[in-house]
Every structure is written in structure tokens, then in C-alpha cells.
Amino acid sequence: MPRMTFVSADGKTRKDVTAQAGQSVLEIAHANGVDIEGVCEGSMACSTCHVIVDKAFYAKLPKPSGDEADMLDLAFGLRPTSRLGCQVVLTDSVDGLVVKLPDRTVNMMDV
Ligand code: FES
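Quick note: this note's numbering has the sequence shown finishing at residue 111, numbered continuously throughout.
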């Protein structure tokens with residue numbers, strides 16, 4: 001089973017987990033108590049699942065779709081390697097994937 005690591009927004013806490021290949025980063029976060037919201041449950045309608053992918057892994061992932069890129073534009077703290085956690089799928093080819101949580105996400109009550 002591939003592994004991945006979640007890093008807290010302040011960089012002080014790391015959580016290493018294993019998951020089934022084919023699970024999204026959002027699904028893996030929820031299964032392991034990592035605080036990524038994911039309000040729309042993966043239908044690309046919220047951006048609350050925003051994560052910042054480690055540079056070493058970003059290029060190994062399939063490119064974001066146009067819809068994902070549009071939704072990312074609404075995320076706070078956008079970085080060059082930002083992705084929607086619901087759209088990033090853990091596979092053996094990105095074993096060891098590292099993602100950092102953003103400082104904050106869009107509060108859906110403010111939208
Ligand atoms: Fe809403 Fe990913 S969970 S866009």
C-alpha cells in the first residue's frame with residue numbers, strides 16, 4: 001500500500017499514513033483524522049479541500065483539469081503546487097506523497 005504524509009500549516013506536525021492505491025487525498029485525510037474539510041465531497045464545488053503538494057511530487061501527478069484549476073482560483077493562499085485534495089489520487093507512482101495543509105480555507109458560510 002502506498003504511503004503519504006500530511007504536514008500541518010505551520011510545518012511543525014507531520015502525520016504519516018498508508019492508504020489503498022486509488023484513494024483521494026481527501027478520503028485519506030478523513031480516514032486518518034486529518035483536518036481537511038471537503039464540504040462538497042469531491043464534486044469540485046468548494047475548494048475547502050485545498051492542499052499544497054510537495055514540489056518533488058507535483059510534477060508526478062496528472063495535471064489538474066480545467067474545472068479544478070478554476071476552483072483552485074477561489075482558494076486562499078494559493079501556491080504554485082496547490083491542488084484540490086479530492087482530485088489528487090494516491091498511487092504507487094507517487095508513493096511517499098507529501099502534502100501541506102494551507103493556513104486557512106474558504107469558509108463556506110462566507111461564500
Ligand atoms: Fe469540494 Fe474538493 S471537496 S472541491
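Quick reminder that beta carbons are idealized off the backbone N, C-alpha and C, glycines included.
By alpha-carbon distance to alanine 75, the top candidate from Leu26, Val98, Cys46 and Cys86 is Cys46. In terms of Cβ geometry, isoleucine 52 and threonine 81 form a close pair [threshold 8 Å].
Look at isoleucine 52 here: in three-state DSSP terms it is strand. Distances between the C-beta of serine 93 and the heavy atoms of the ligand FES are all 7 Å or more. For leucine 72, the uninterrupted alpha helix (DSSP H) run begins and ends at 66-72, by DSSP. About 5 Å separates the Cβ atoms of threonine 5 and valine 98, confirming a contact at the 8 Å cut-off. Boundaries for valine 17: no alpha helix (DSSP H) harbours it, while the beta strand (DSSP E) harbouring it runs 14-18, taken from the DSSP string.
Here the region 58-70 makes no contact with the region 22-38; the two share fewer than three CB pairs at distances below 8 Å. Collapsing the DSSP output to three states places leucine 90 in coil.
A straight line joining the alpha-carbon of valine 88 with that of glycine 22 spans about 9 Å.
Arg83 is the residue among Asp103, Arg83 and Leu26 whose C-alpha sits nearest the C-alpha of lysine 55.
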